[in-house]
Structure formats: C-alpha cells, structure tokens
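One structure is given below, encoded as structure tokens.
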Amino acid sequence: MHIDARIGSDPAKAPQRASRLEADGFDGVWAAELVHNPFLALALAADRTESVTLGSSLAVAFARSPMITAQSAWDVQLIAAGRFNLGLASQIKPHIVRRFGMPWSKPAARMEEYIAALHAIWDYWEHGRKLDFRGDFYQHTFSNPMVTPPPHAYGRPKVHIGAVGPLMTRAAGRAADGLQCHSLATSAYVRDVALPVLNQAREAAGRPEGAVEITVFPFIVAAETEQSFESQMKTVRSMMANGCSTPAYRGILEHHGWGDVQTEMHTMTRQGRWTEMPDVLDDEIVHTIAAVGTPVEVADMLLARFGDMADRLLISMPIADGSDGPCGVYADLRTLMENLRNLGPSRRPGTSGPT
C-alpha cells in the first residue's frame, strides 16, 4: 500500500511541503481544490520533486469543460515527467450551480461522459485522431494546429474520481483508473457497499481486476502531545460535521444507523448554526469514522481497517503551514508514516495481520 499525504493547494507553500514529504519517504502528495486551484500548486510542486507521485484530490470536474481540464492535466503531467494523477470530483449541486455558475444534471452519467471526453481529447493530441466527441453533456468537435498541444513522452495521466453513492461508484468501475473514497467512508462502508458495487461494474465492463486503484483518505487525529491532539481534534470535528450535514453523504451514516444525525445537521446548516455542529457528533461517530490516538496506535488502526483493500492511503491531517509549528503536527505526520512503514508488511493482504 502506497502512503501519501496532502500538501494543501496554496501555490506559495505546496512546493516546500511536497519536497519535504518526498524527502521523508512518502510515495505521493495530493492537492485538494478548496480555496486555491490545485493544478498550479501541483505544477510548482512537480518542479521541486523528482520521484513522488502528484495528484489532485480532488479537482472539481464540473466547474470546467473537459477541454480545460484536459489541458491543465496534460501540462502538469509534462512538468511532472509522468508522475501526475488527475483526481476529479463532481462536487454537489449548490457549488456547481450557485458558486461556479455551471450546469448540473445526472452527475454520475455526466462524470462518465466527462472521462470519455478527456480521452477523446487526449487521443487527438497523442495520436492525431479526429476530434469528434458528441455526447449528451459535452461536445468537442473543433480544433486546429495553432491550439493543439504537441505529444510528449509521458502520455495522458490516469484519471481517478471521488465517489460515495452507487451511481458514481459504478461510473468509476466502468471508466476510471482510480476510486477515491470520501473521508467519511468507514472501512465497513468501503468493504460492504463501495467495493462490491465497484467490482460488479468493473467486471461488467470487461475490465481486469486491479484496473481501478483504490485510495482511502480517512480523517486522522494522530498526536503525541495533548496540545497537538486538541488542535487536530477540533479541526477534524469541524470538517467531519460539515461532511455529515451533506445529503449526498447520508448513505455512509445510514450504513451505521446514523441517518438522523445527517438530518439534524443539515437543518443546522440552514439555520446558520455552523459552530454548534461539531458538538452533535458523539465519540462513537468520531472514533468510527476517524482513526484517533497516538501515531503508533493510529498506524495500527489504519492498516487493520484498510490494509487489505486499499492501494493508496492518503494521510489527511490538519497541518496549517507545512512545518512543525507550535503543535508539532508535522512531526506527528512523519511519525505516523514511519510506523505505517514498520507495521505494513504484517498487514498486507494474504498475511496474518488483523482485518
């Protein structure tokens, strides 16, 4: 299992973070799309690293046309010398329509077509095949030599998509190179719900086992000191509460019998009671969704929960500035990674470690 970490998406800080994480032995670094464009951060990080995998986790697909995304991904892949993975997500309707001002409909079908459009564009750039993509949501039928990127030695990046529900998970099984499970997704949800749906769709599409790389990035609170623990827990509870309030993620909570929690928290968002929402999450919910403890304890938890089903573990910890900082969070991250490395061989599929 590859062990990855987040670098944020701040282009002024991402290169330093990526370089440091590579030196510490991480396999991959990923940038989310929240307050910055991840492609810029990843392009700069690519120039400061040599071997680490880089990826967007996740870029908002429907905020851009496939052509814009294809071009951004093509350029980052070039700068990264073939080390880039394009991670895409649909986001939710309010963000796409009211924030980005873009159309929204049938997100799973749209995402599957989006991936097909990307490959049609890359086929044109790589192999000179006629650009004549005509779908239900996207059409790409025109280009000329002045606006066509030349082929490069690294080819197109792999395409990962984020998925929670069965429709998007099926789309991943049919069309994507990777599935990125939501941070709320527990090991029980991934094993009982997501993977069976993914594998059924993959097999129906005639794709081989292993065609879709599985990435998990659970919430993590891994701290050696009380100060670091409290800082991380406060941030994780806030992020978890925001996710639990989202109707699109209700299925995860329902799988554990917590559907009423989603209803309550969604109501609180409509009332503007954002600061009160973390208090609704009891310890059972927090400790089931997140891995909580010292770095040694958390490493064992993560491998026990996901070691037999994930190809990549993306460590998602609240690091404010990429340095050790007053709470030593970066040191905790490094310690966690080292313990994952040490414990890893006994937790891999086919060994005697716990599942």
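Numbers 542 to 896, taken from the numbering used here, label the letters of the sequence shown in order. Don't be surprised by glycine CBs; every beta carbon is placed ideally from N, CA and C.
(message) Going residue by residue through the region 691-774, where are the continuous alpha helix (DSSP H) segments of at least 4 residues, counting only ones entirely within it?
(response) 707-716 and 736-745
(request) Within its chain, find whatever has a CB closer than 8 Å to the CB of K699; leave out the 5 residues flanking it on each side and keep chain order. (result) Here residue 699 is taken as the residue at index 158 of the sequence shown, counted from 1. The answer, listed in chain order, is N626, L627, D718, G719 and E754.
(request) Assess, as a yes-or-no matter, whether the region 795-805 is touched by the region 816-826 under the definition of 3 or more beta carbon pairs within less than 8 Å. (result) yes
(request) Return the CA-CA distance between A553 and S857, expressed in angstroms with no decimal places. (result) Taking the first residue of the sequence shown as 1, we reach residue 553 at position 12. Taking the first residue of the sequence shown as 1, we reach residue 857 at position 316. In a straight line, the C-alpha of A553 is about 20 Å away from that of S857.
(request) Kindly identify the DSSP beta-bridge partner or partners of G628. (result) Translated into positions along the sequence shown, residue 628 becomes position 87. Bridge partners of G628: H701.
(message) Classify I793: buried if its beta carbon has 16 or more other beta carbons within 10 angstroms, exposed otherwise.
(response) Here residue 793 refers to the residue found at position 252 of the sequence shown. Residue environment analysis places I793 among the buried positions, since at least 16 neighbouring C-beta atoms fall within 10 angstroms of its C-beta.
(request) Evaluate the contact criterion for the region 646-659 versus the region 604-615: three or more CB pairs, one atom per stretch, below 8 Å. (result) yes
(request) Please determine if the region 779-789 and the region 805-818 are in contact, where contact requires at least 3 C-beta pairs separated by less than 8 Å. (result) These segments touch.
(message) Quick check on the DSSP output: what are the complete beta strand (DSSP E) runs of length 3 or more inside the region 771-857, in order along the chain?
(response) The beta strand (DSSP E) runs of length 3 or more contained entirely in the region 771-857 are, from start to end of the chain, 832-834 and 853-856.
(request) Evaluate H668 with the Cβ neighbour count: other Cβ atoms within 10 Å of its Cβ, from every protein chain shown; 16 or more gives buried, anything less gives exposed. (result) Your numbering for residue 668 matches position 127 in the sequence shown. That one is exposed.
(request) Can you give me the start and stop residues for the alpha helix (DSSP H) that T610 sits inside? (result) Position 69 of the sequence shown holds residue 610. Start and end: P607 to I620.
(request) Identify whether W666 lies in helix, strand or coil by the three-state DSSP scheme. (result) Taking the first residue of the sequence shown as 1, we reach residue 666 at position 125. For W666, the secondary structure class from DSSP, reduced to helix, strand or coil, is helix.
(request) Check the C-beta distance from A559 over to I548 and give it rounded, since I have them as a contact under 8 Å. (result) Taking the first residue of the sequence shown as 1, we reach residue 559 at position 18. Taking the first residue of the sequence shown as 1, we reach residue 548 at position 7. Contact check for A559 and I548: beta-carbon distance about 5 Å, within the 8 Å limit, so the pair qualifies.
(message) I need the straight-line Cα distance from A649 to A713, nearest angstrom please.
(response) Counted from its first residue, the sequence shown places residue 649 at position 108. Counted from its first residue, the sequence shown places residue 713 at position 172. The straight-line gap from Cα to Cα measures roughly 9 Å.
(message) Taking 8 Å as the cut-off, does the region 639-647 touch the region 594-605 (at least 3 CB pairs, one atom from each stretch)?
(response) yes
(request) May I have the straight-line CA-CA distance separating F678 from H797, to the nearest angstrom? (result) The residue given as residue 678 occupies position 137 in the sequence shown. The residue given as residue 797 occupies position 256 in the sequence shown. In a straight line, the C-alpha of F678 is about 35 Å away from that of H797.
(message) Spatial neighbours of S728 within its chain, please: C-beta separation below 7 Å, excluding the five flanking residues on both sides.
(response) The count along the sequence shown starts at 1 and reaches residue 728 at position 187. Within the same chain, S728 has close Cβ partners R846 and F847.
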